[in-house]
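Chemist: In my numbering, the protein residues as written are 196 to 354.
Pasting a structure below so you can have a look.
Next comes the structure, spelled out in structure tokens:
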């Protein structure tokens, strides 16, 4: 597996915690949030794949991936979980409102559906952590990373 850089931004968020007297108080704490510095569109991804010494043309890769996505959608919508080797396990999930009894709960309580992707052993959180370094991006409010404030490259095991 290749190595990479996880870009992050620092964000301040309000949290609730118990004080010494056991009462909840609001606190402001700083957290790191993963941030992307761009999106690779499907066509650009296809071109990228075809340029990796692939014996397959851009057109063949495009066709295979398009058909794969159509089949993935079909199977997931049929209620199947689909495992793509080391990429992940794809399935569908839902969120719903509660009901007071089993008989009161109906499909009208469904709030939304979503795609679930679970990572696999080779893409486990622990394996990804071994392959990543960290770099701070400018903050969401447009501010620059603080000098020495986590913007340096940090390697796993050195945190």
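Ideal placement from N, C-alpha and C gives every residue a C-beta, glycine not left out.
Go to residue 258, then tell me how far its alpha helix (DSSP H) extends in each direction, as first and last residue.
Modeler: Locating residue 258 in the chain shown gives position 63, where the first residue counts as 1. Where residue 258 is concerned, the enclosing alpha helix (DSSP H) stretches over 253-272.
Chemist: Can you say whether residue 213 is buried or exposed, counting buried as having 16 or more other CB atoms within 10 angstroms of its CB?
Modeler: Numbered from its first residue, the chain shown carries residue 213 at position 18. Per the 10 Å Cβ criterion, exposed.
Chemist: Taking only the alpha-carbon atoms, compute the straight-line gap between residue 226 and residue 206 and give it to the nearest angstrom.
Modeler: Counting from one through the chain shown, the residue named residue 226 turns up at place 31. Counting from one through the chain shown, the residue named residue 206 turns up at place 11. Using only the alpha carbons, I get a separation of about 5 Å.
Chemist: In angstroms with no decimal places, state the Cα-to-Cα distance between residue 318 and residue 324.
Modeler: The residue labelled residue 318 in the question sits at position 123 within the chain shown. The residue labelled residue 324 in the question sits at position 129 within the chain shown. C-alpha separation (whole angstroms): 10 Å.
Chemist: Take residue 288 and list the residues in its own chain whose beta-carbon comes closer than 6 Å to its own, dropping the five residues that flank it on each side.
Modeler: Your numbering for residue 288 matches position 93 in the chain shown. The beta carbon of residue 288 lies closer than 6 Å to those of 309, 311 in the same chain, with the five residues before and after it left out.
Chemist: Going by beta carbon distance, what residues of the same chain come within less than 8 Å of residue 211, once the five residues before and after it are set aside?
Modeler: The residue labelled residue 211 in the question sits at position 16 within the chain shown. Closer than 8 Å at Cβ, skipping near neighbours: 219, 220, 221, 222.
Chemist: Looking at C-alpha atoms only, which residue of 231, 248, 224, 209 is the closest neighbour of residue 200?
Modeler: Working through the chain shown from its first residue, we reach residue 200 at position 5. Closest by alpha carbon: 231.
Chemist: What whole-angstrom Cβ distance do residue 244 and residue 256 have, given they're in contact under 8 Å?
Modeler: Walking along the chain shown from the start, residue 244 turns up at place 49. Walking along the chain shown from the start, residue 256 turns up at place 61. Their Cβ separation, rounded to whole angstroms, is 5 Å, which keeps residue 244 and residue 256 in contact under 8 Å.
Chemist: Do you know offhand how far residue 306's Cα is from residue 291's?
Modeler: Along the chain shown, one-based indexing puts residue 306 at 111. Along the chain shown, one-based indexing puts residue 291 at 96. Straight across, the Cα-Cα distance linking residue 306 with residue 291 is about 5 Å.
Chemist: Suppose the cutoff is 7 Å on Cβ atoms and the five residues either side in sequence are ignored; what does the same chain contact list for residue 253 look like?
Modeler: Your numbering for residue 253 matches position 58 in the chain shown. The answer, listed in chain order, is 241, 242, 245.
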